[in-house]
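In my numbering, the protein residues as written are 164 to 429.
Right under this line is the structure:
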């Protein structure tokens, strides 16, 4: 299948979402006509991440749209909010069909190389230093909740030094079920505030220095926790979630948004 055929297939999916969620009501019908329609811009943004195209310049050279390269970049960064609305609607649809068991976790989103962290300015107001099992990084975190079928149900961004347990409540406020998490969510306060009899239950992996008896059911549920790591792997390896190329905050969040939308539509 050629790039053009792939593009038209993705554009059809974007158009269906665009019409279904009535985003055309947000369009301005007065003033100068856009060089690219909003649906074209969203389709190009999704296409870039769906096919692993590394830069916007490479995307521009493939399609040669009827506008300048600068106009393409400005529009991609400008209309990512409409892509966010589509993501929000798709997540709500997934929530209606979600399995009982769900997983919550976060992943590191470096905004630059470690050696450039001290002098990085673009994301300075939103980023911070944090340490993972791979070492230090400077940037953000992406928090997600998915179900046993790896369908994305909810997501949040936070600064890198924000503890996962502080985001957990807002991330899952509209969800019910059995939530399986790692030891980062092992807090009596979090469990007390989150658990609701007959609706929600939090099961967290015990820390290595803790002595805690697990039932066979708990053990089997905790074994499914690694499924959420496949979502992070998919987003980073196949949909270009991580980047250090943008030169504006909108550029970074446009990259993250089109990456997630590409994953949802794949």
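The C-beta atom is built at its ideal place from N, Cα and C for all residues, glycine as well.
Handout entry: Residue span of the beta strand (DSSP E) that contains residue 215, given as start and end
Key = Sequence index remark: in the chain shown, residue 215 carries index 52 (1-based). Run containing residue 215: none; DSSP gives neither H nor E here.
Handout entry: Reduced DSSP category for residue 118 - H, G, I as helix; E, B as strand; rest coil
Key = This structure leaves residue 118 out entirely; the chain is present only between 164 and 429.
Handout entry: Assumed close pair residue 301, residue 283 - CB separation to whole angstroms, cut-off 8 Å
Key = Taking the chain shown and counting its residues from 1, one reaches residue 301 at position 138. Taking the chain shown and counting its residues from 1, one reaches residue 283 at position 120. Yes, they are in contact, since the Cβ atoms of residue 301 and residue 283 sit about 6 Å apart, within 8 Å.
Problem - Beta-carbon separation (whole angstroms), residue 243 vs residue 232, contact threshold 8 Å - result: As a first step, residue 243 must be located in the chain shown, where it is residue number 80. As a first step, residue 232 must be located in the chain shown, where it is residue number 69. 18 Å between Cβ atoms; not a contact.
Handout entry: Of the listed residues 327, 338, 415 and 307, nearest to residue 318 (C-alpha basis)
Key = Your numbering for residue 318 matches position 155 in the chain shown. Among 327, 338, 415 and 307, the Cα nearest to that of residue 318 is on 307.
Problem - Test item: CB-CB of residue 228 and residue 235 under 8 Å - result: In the chain shown, counting from the first residue as 1, residue 228 sits at position 65. In the chain shown, counting from the first residue as 1, residue 235 sits at position 72. Yes, the pair counts as a contact, with Cβ atoms nearer than the cut-off.
Exercise for the section: Assuming residue 342 contacts residue 363 (C-beta within less than 8 Å), just tell me the rounded distance between them. Expected result: Your numbering for residue 342 matches position 179 in the chain shown. Your numbering for residue 363 matches position 200 in the chain shown. Yes, they are in contact, since the Cβ atoms of residue 342 and residue 363 sit about 7 Å apart, within 8 Å.
Practice task
Please classify residue 382: is it buried, with 16 or more other beta-carbons within 10 angstroms of its beta-carbon, or exposed?
Solution key: Stepping through the chain shown from its first residue, residue 382 is reached at position 219. Under this definition residue 382 is an exposed residue.
Exercise for the section: Check the C-beta distance from residue 288 over to residue 303 and give it rounded, since I have them as a contact under 8 Å. Expected result: Within the chain shown, the letter at position 125 stands for residue 288. Within the chain shown, the letter at position 140 stands for residue 303. The pair is not a contact, with the Cβ atoms about 11 Å apart (cut-off 8 Å).
Practice task
To the nearest angstrom, report how far apart residue 294 and residue 269 are at their CA atoms.
Solution key: Stepping through the chain shown from its first residue, residue 294 is reached at position 131. Stepping through the chain shown from its first residue, residue 269 is reached at position 106. In a straight line, the C-alpha of residue 294 is about 13 Å away from that of residue 269.
Exercise for the section: Would you list the residues sitting across from residue 359 in a DSSP beta bridge? Expected result: To locate residue 359, count along the chain shown from 1; it is residue 196. Answer by DSSP bridge pairing, in chain order: 363.
Handout entry: Beta-bridge pairing of residue 429 - partner residues as DSSP gives them
Key = Taking the first residue of the chain shown as 1, we reach residue 429 at position 266. Per DSSP, none; premise fails for residue 429.
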